[in-house]
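Numbering (UniProt numbering), first residue to last: 1 to 585. Have a look at the structure below, then the notes.
Have a look at this one:
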């Protein structure tokens with residue numbers, strides 16, 4: 001009885017073992033059914049892989065060696081490769097008549113892979129097609145941003161393919177099966193996105209170069225270098241560079257993903273240091289930051305001279321150090337009140353976050369995906385307009401400062417109005433113009449008469465502020481073609497450009513008096529300007545500028561300041577009537 005039960009138990013175990021073996025065997029030979037309605041089709045568990053430690057195995061050895069330990073590919077497999085090792089993948093594909101009517105490709109969505117070779121059986125031989133950084137793009141079966149290898153299919157038949165992958169760093173790109181029509185549509189969408197980014201980058205670069213040349217601003221020059229290096233880095237990582245720029249130079253195509261990120265990181269750190277005026281805030285901090293930025297130069301030389309496996313170990317720590325350094329400098333400057341730090345922070349935070357994904361993919365921490373390939377481009381697309389607006393505001397403020405410094409000999413620094421020397425120059429030209437064209441113009445002198453009273457009633461600061469407010473009122477009352485100048489602490493001059501009508505001359509002085517008497521916002525009612533205005537007609541009252549000004553000053557001095565009269569005309573009443581026909585209307 002016990003022997004019978006033992007036999008039954010053994011039979012059950014054998015049955016389970018046979019079922020399990022059959023299941024494993026079936027899983028290892030799963031056939032990918034190409035379906036045009038479900039694209040892109042990922043290989044996933046339908047494929048098997050083997051890591052060749054020597055990297056020297058041939059297709060004949062791989063297919064004939066029954067001892068190769070093939071393993072099923074998982075959904076998020078990351079293969080840690082290096083020069084001297086290779087990854088072998090095998091899979092079986094079947095296409096019905098509908099699917100076989102279109103051309104199909106094995107797509108390897110990674111622009112930074114050294115070499116991918118597809119082996120297709122043709123009778124007793126194997127036909128190969130290869131693509132990758134180590135080959136000129138013109139030798140690829142399909143010139144593209146990343147390897148795109150055509151599949152030779154026979155309708156209704158199972159076909160087994162082998163793929164050999166060689167790469168310096170990790171490889172995690174998911175293998176896709178795509179038809180020609182689907183791939184063409186998807187590439188158009190990607191091309192639109194890349195075109196928008198590279199268009200923004202080109203515009204930012206041109207504007208930065210223009211700003212650097214015209215304004216002689218080091219910030220614009222460093223921004224131009226940053227944009228250029230960042231753009232070339234994205235061109236290398238997305239395959240645009242290999243497809244359109246350096247496709248016939250496989251040495252640089254293989255080197256660029258390691259060199260360009262280092263250069264871009266150094267340029268970005270130097271740009272941030274310049275914009276936040278780091279040297280003026282902390283000499284030690286500037287030396288540390290600039291030292292880290294300049295480290296990109298010897299590091300680039302070292303990457304160019306070292307072997308492929310060392311390049312990655314040189315590039316990755318530097319890029320990882322740049323990201324927190326950039327953010328840290330901006331936060332440091334923001335805490336100390338830098339006016340441009342918020343702009344820099346808003347523009348660079350998306351870039352810093354976006355850069356983490358491709359760095360993690362390169363380090364073998366994340367599998368290749370749309371996010372790890374294009375995340376940094378989205379961050380850069382947000383950064384470019386923000387930083388450009390910031391630089392334009394910065395340059396405008398610098399130009400205003402330079403203009404004020406250069407204009408100190410022509411501008412009153414307190415009010416921004418013309419000074420007495422420039423007022424005299426313009427008066428000379430106005431007289432000559434009025435005589436030549438035979439039209440009426442006018443000159444007005446405006447005196448503030450209650451400055452001493454304001455100082456007594458309020459304080460010294462209130463008395464100093466009142467002329468500044470009066471200057472604003474005079475500017476608002478004047479036309480764009482007129483000239484307003486400050487001649488002394490309490491006196492202003494106005495040149496009214498002709499031709500003027502009689503009523504315009506008569507209304508000018510009273511309008512100024514009334515405007516100055518209006519109360520100022522957020523000030524007591526008693527805090528207002530009492531002014532007196534003396535005016536003369538040009539050229540009726542004279543053509544000598546010094547004499548005109550002297551007569552107007554004498555006219556104001558001949559009347560007491562506390563008098564009720566506020567407007568004084570140098571001309572006789574009848575002189576205000578039009579003298580030249582050209583001035584009548």
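From the three backbone atoms N, C-alpha and C, an ideal C-beta is built for every residue, glycine too. Note that the structure is predicted; figures quoted are calculated from it, not measured.
- For the pair residue 496 and residue 484, the CB atoms are not nearer than the 8 angstroms cut-off.
- The secondary-structure analysis by DSSP pairs residue 491 across a beta bridge with 447.
- In this chain, residue 564 is not harboured by any alpha helix (DSSP H), its DSSP state being neither H nor E.
- C-alpha of residue 447 to C-alpha of residue 506: approximately 18 angstroms in a straight line.
- Taking every protein chain shown into account, the CB of residue 226 has 16 or more other CB atoms within 10 angstroms, so this residue is buried.
- Restricting attention to 352, 351, 372, 350, the CA atom closest to the CA of residue 360 is found in 372.
- By the neighbour-count criterion, in which a residue is buried when 16 or more other Cβ atoms sit within 10 angstroms of its Cβ, residue 401 is exposed.
- Restricted to the stretch 214 to 258, the alpha helix (DSSP H) segments that are unbroken, complete and at least 4 residues in length are 218 to 238, listed in chain order.
- Here residue 341 has 276, 330, 333, 334 as same chain residues with Cβ atoms under 7 angstroms from its own Cβ, once five neighbours each way along the sequence are excluded.
- Cα atoms of residue 107 and residue 177: separation of roughly 6 angstroms, rounded to the nearest angstrom.
- Comparing alpha carbon positions, the residue from 365, 378, 214 closest to residue 348 is 378.
- Bounds of any alpha helix (DSSP H) do not take in residue 340, whose DSSP letter is neither H nor E.
- Counting only residues of its own chain and dropping the five nearest sequence neighbours on each side, residue 243 has a CB closer than 8 angstroms to the CB of 137, 143, 144, 145.
- Put simply, the stretch 230 to 241 does not touch the stretch 287 to 298. Fewer than three CB pairs are less than 8 angstroms apart.
- When DSSP states are grouped into helix, strand and coil, residue 569 belongs to the strand group.
- DSSP places residue 149 within a strand segment (E or B) once states are collapsed to three.
- A straight-line Cα-Cα distance of about 20 angstroms links residue 365 and residue 308.
- Pairing residue 436 with residue 421, the inter-Cα distance amounts to about 23 angstroms.
- In the DSSP annotation of this structure, the continuous segment of the beta strand (DSSP E) that includes residue 51 starts and ends at 48 to 52.
- Closest in C-alpha terms to residue 487, from the list 522, 553, 508, 462, comes 553.
- In the same chain as residue 445, and ignoring 5 residues on each side of it, the C-beta atoms closer than 6 angstroms to its own belong to 493, 534, 552, in chain order.
- Residue 486 is bridged by DSSP to 492.
- Checking the DSSP bridge columns, you'll see residue 497 has no partner listed.
- Relative to the Cα of residue 314, the nearest Cα in the group 215, 259, 140, 266 belongs to 259.
- With a 10 Å radius around the Cβ and a threshold of 16 neighbouring Cβ atoms, residue 481 comes out exposed.
- For residue 381, the CB contacts under 8 angstroms within the same chain, skipping 5 residues up- and downstream, are 196, 197, 200 in chain order.
- Contact annotation: residue 526 and residue 457 have beta-carbon atoms nearer than 8 angstroms.
- As the crow flies, the alpha-carbon of residue 113 is around 26 angstroms from that of residue 267.
- For residue 72, the beta-bridge partners assigned by DSSP are 48.
- Between residue 368 and residue 122 the beta-carbon gap is near 30 angstroms, outside 8 angstroms, which marks them as no contact.
- By the C-beta criterion, the stretch 509 to 528 is judged to be in contact with the stretch 558 to 570, since at least 3 inter-stretch pairs fall below 8 angstroms.
- Its chain contains 410, 411, 412, 485, 486 as the residues whose beta carbon lies nearer than 7 angstroms to that of residue 419, once the 5 sequence neighbours on both sides are disregarded; these appear in chain order.
- Setting aside the 5 residues that flank it on each side, residue 518 is surrounded in the same chain by 473, 528, each with a C-beta closer than 8 angstroms to its C-beta; the list follows chain order.
- With a contact defined as Cβ atoms closer than 8 angstroms, residue 265 and residue 318 qualify at about 6 angstroms.
- Residue 50 places its beta carbon 8 angstroms or farther from that of residue 32.
- A check of alpha carbon separations from residue 101 across 441, 186, 151 identifies 151 as the nearest.
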